[in-house]
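Novice:
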Amino acid sequence: MEAVVRNKRKEKVGKVVSDKMNKSITVLVETKYKHPLYGKFLSKSIKFMAHDETEDAKVGDLVRIMECRPLSKNKRWRLVSVVERAK
Numbered sequence: 097m098e099a100v101v102r103n104k105r106k107e108k109v110g111k112v113v114s115d116k117m118n119k120s121i122t123v124l125v126e127t128k129y130k131h132p133l134y135g136k137f138l139s140k141s142i143k144f145m146a147h148d149e150t151e152d153a154k155v156g157d158l159v160r161i162m163e164c165r166p167l168s169k170n171k172r173w174r175l176v177s178v179v180e181r182a183k
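Per the working numbering, the sequence shown starts with residue 97, numbered consecutively.
1) At a cut of 8 Å, does the stretch 154-162 reach the stretch 102-109 through at least three beta carbon pairs?
2) Using CA atoms only, rank isn't needed, just tell me which of E149, L175 and R165 is closest to N103.
3) Among K154, S139 and V176, which residue has its Cα nearest to the Cα of N118?
4) Quick one: grab the DSSP three-state call for K140.
5) Strictly under 8 Å for the Cβ-Cβ distance: is V123 near chain B by that measure?
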């Protein structure tokens, strides 16, 4: 039987800023973009709530999250892996 292929889902890398909830983390994702007219590089940051089934991520960790179906009012992302542990 052939393996089922999922649609390409969005992935983001960010820093965990909160892990106080059960099986949930808040991830801060920072992106840089160039202003279309003036050419200055600006930084933009967005917080995402993500599902952490194993409660593996801690505050300060660099994590990879993937888009998924809505899990609650605010959670539409899930933890894929911990890229780097906090020091």
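We treat Cβ as the ideally placed atom computed from N, Cα and C, and that holds for glycine. Remember, it's a predicted structure, so these values are computed and weren't measured experimentally.
Specialist: According to the structure data:
1) They touch, by the three-pair rule.
2) Reading the sequence shown from its first residue, position 7 is the one you call residue 103. Nearest of E149, L175 and R165 to N103, Cα basis: R165.
3) As a position in the sequence shown, residue 118 is number 22, starting the count at 1. The candidate whose alpha carbon is nearest that of N118 is K154.
4) The residue labelled residue 140 in the question sits at position 44 within the sequence shown. If DSSP states are grouped into helix, strand and coil, K140 belongs with the strands.
5) Reference to chain B is not applicable here, since this structure consists of a single protein chain.
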